[in-house]
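Numbering (UniProt numbering), first residue to last: 1 to 73. We put the CB at the ideal spot given by N, CA and C, even for glycine. A quick note: this is a predicted structure, and the numbers were derived from the prediction, not measured. Scroll down for the structure; my scribbles are underneath it.
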């Protein structure tokens, strides 16, 4: 649950920072694997994330683009 919660926090906009992309958050999880997070849990999450992105990837990219257009940095 900690891995999923951390991923959600990283990919959500906060008042003090913009949201990370899915790719950036995945890289951060991998960097913290076996240190901050259980490596096996991170690997399982990444497999699930890969499957989910295969199914909804185009919708996420479209949503990210629309958010960027509506809220330019």
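- Only buried fits residue 25, as 16 or more other CB atoms lie within 10 angstroms of its CB.
- Linking residue 19 to residue 10 through their CA atoms gives a straight-line distance of about 6 Å.
- Within the same chain, no residue comes within 6 Å of residue 30 by CB-CB distance, once the 5 residues on both sides are set aside.
- With respect to residue 45, residue 2 sits apart: the two C-beta atoms are not nearer than 8 Å.
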